[in-house]
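Undergrad: Sequence positions in the sequence shown follow my numbering and run 41 to 141. Following this message is one structure expressed as structure tokens.
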Amino acid sequence: MTNDGIQVFPADYNFSYHLILQRGTANFAYYYFKVDKLDQRVTFYDDLERSGISIKTQITRNFMRSLIRAIDWHPVGNSIIVEIYNVQREMSKATRLACDI
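Right under this line is the structure:
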């Protein structure tokens with residue numbers, strides 16, 4: 041049995057959230073993300089220097105399903121656009137993926 045898991049907390053009233061990823065007993069990573077339910081888009085802000093765990097390596101189908109359950113979202117269809125920015129939010133340096141759920 042592992043202690044891996046995700047926790048999600050609302051950051052404000054505009055579909056933005058804090059995400060805590062736990063890997064094992066001692067490693068926690070904190071992320072900020074926003075959800076655009078109209079465009080079916082999730083935008084992550086990756087602070088790799090502080091957390092040491094890249095959100096990019098976590099984005100799997102199971103991860104996205106868990107995240108969607110945590111925010112009680114029922115997307116239309118089975119694909120979501122995921123965008124990942126570094127913590128400075130430099131708009132020209134985004135990683136963009138389509139994630140099937």
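For each residue, glycine too, the CB sits at the ideal point set by N, CA and C. Given the structure is predicted, the values throughout are model-derived calculations rather than measurements.
Can you grab the Cα-Cα spacing for the pair T135 / H114, in whole Å?
TA: Approximately 24 Å, taken between the alpha carbons.
Undergrad: For I95, I'd like the list of residues in its chain whose CB is within less than 7 Å of its CB, leaving aside the five on either flank, ordered along the chain.
TA: So the qualifying residues of the chain are Y71, F84, D86, I124.
Undergrad: Checking the sheet assignment: what are the DSSP bridge partners for F68?
TA: Per DSSP, Q62.
Undergrad: Enumerate in chain order the residues of its own chain whose CB-to-CB distance from Q47 is below 8 Å, with the five nearest sequence positions on each side excluded.
TA: The answer, listed in chain order, is L59, I60, Q62, A110.
Undergrad: Among G45, F73, S106, which one has its Cα closest to the Cα of D52?
TA: Looking at the Cα atoms, F73 is the closest of the given residues.
Undergrad: Within a Cβ cutoff of 7 Å, which residues of the same chain sit near P50, ignoring the five residues on either side of it in sequence?
TA: Cβ within range, chain order: Y57.
Undergrad: Measure the Cβ-Cβ separation of I141 and I120 and say whether it is below 8 Å.
TA: Contact flag set, yes.
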